Amino acid sequence: MASSISTVIMPLTSEKLLVGVRASNINVDLSGFNDDASECSDELFIAASSAHEYLRKNIGGRWKNRMDNLVHDTLDTLCEHKAYDNLNVAESISCPSFSYQITFNDGLSDDIENINEIVQGVVAKLSQWLDLSRLDGITYASNCEKALEDIERGFDGNETPESEADYLAQGGAALLVKRNGIIKVRIVFHQDYAHALAGEDLQNREVAIHLLVSSLFIVHTINHF
């Protein structure tokens, strides 16, 4: 990877940059540095510029565009409504480096395999960039709160895990569990989000996939604690 890099830029202050270039690339154009650097910043970017409002809107742009492209790619390749027979209520899925379970508590019938296909596709695509080995499973239920309460968390009596789930939105949450001594994440969504994955409304489908992607980022984050 380093062999393909021709220029390295390190901000020293808001007005000074340290620039390293290869001998074959002496002419460096830094006119777009503020744009590129602010897009790469997640939360904060300091620049010697009066265009504060423009740069503020730029922050996080590169990652947002990457995620938008991922979601749209997933929609293009997976979100085709299909009919299936002999549907299963729950299915265990094995991936190259980890396994997890997709569970439908109730209220879903004809769309189960279609939803399974979409969810598996999103997980598979994200697993190319994120470590999702701490994913315990994904549950879709008509009563999200009851589903969270019924989850067997696996902690010992002297352990004090977070008692509250991490809510992504109304009807969507992530909960810490313990499996074979390893902390994992169980994701629970209201069944409406499952219907949206297989439905014809593009906007609802995008919301459901965005929430699924957000929950998988929580799974990835657990690896750093």
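Just so we're aligned: the sequence shown equals residues -6 to 218 in my numbering.
All C-beta atoms, glycine included, are put in the ideal place defined by N, C-alpha and C.
Remember, predicted model here, so these are calculated numbers, not experimental data.
Contact between S208 and I180 holds, since their C-beta atoms are separated by about 5 Å, short of 8 Å.
The shortest CA-to-CA distance from A166 to any of I131, F148, D149, A189 is the one to I131. Scanning D28, G174, A187, V1 for the CA closest to the CA of L204 turns up A187. Judged by DSSP secondary structure, S92 falls within the beta strand (DSSP E) whose first and last residues are 92 to 97. Collapsing the DSSP output to three states places G192 in coil.
Under the 10 Å beta carbon count, R15 is surrounded by fewer than 16 other beta carbons and is classified as exposed.
Within the stretch 111 to 165, the beta strand (DSSP E) runs of at least 3 residues that lie entirely inside it are, in chain order, 128 to 134, 159 to 162.
A Cβ-Cβ contact shorter than 7 Å links D104 with A191. Distance between D129 and N58, taken at the CA atoms: about 28 Å. Per DSSP, H183 is one residue of the beta strand (DSSP E) stretching across 175 to 183. Here R172 carries a strand assignment [DSSP, helix/strand/coil]. Taking a 10 Å sphere around the C-beta of Y160, we find fewer than 16 other C-beta atoms and assign the residue as exposed.
For the pair N151 and K118, the Cα-to-Cα distance works out to about 38 Å. Assignment of V14 by DSSP, reduced to helix, strand and coil, places it in the strand class.
Going by DSSP, T0 is part of the beta strand (DSSP E) stretching over 0 to 4. Relative to R127, the option among L11, I2, M3, L169 whose CA is nearest is L169. Annotation: N216 to M3 spans about 29 Å, alpha carbon to alpha carbon. Between L141 and A158, the gap from beta carbon to beta carbon is short of 7 Å.
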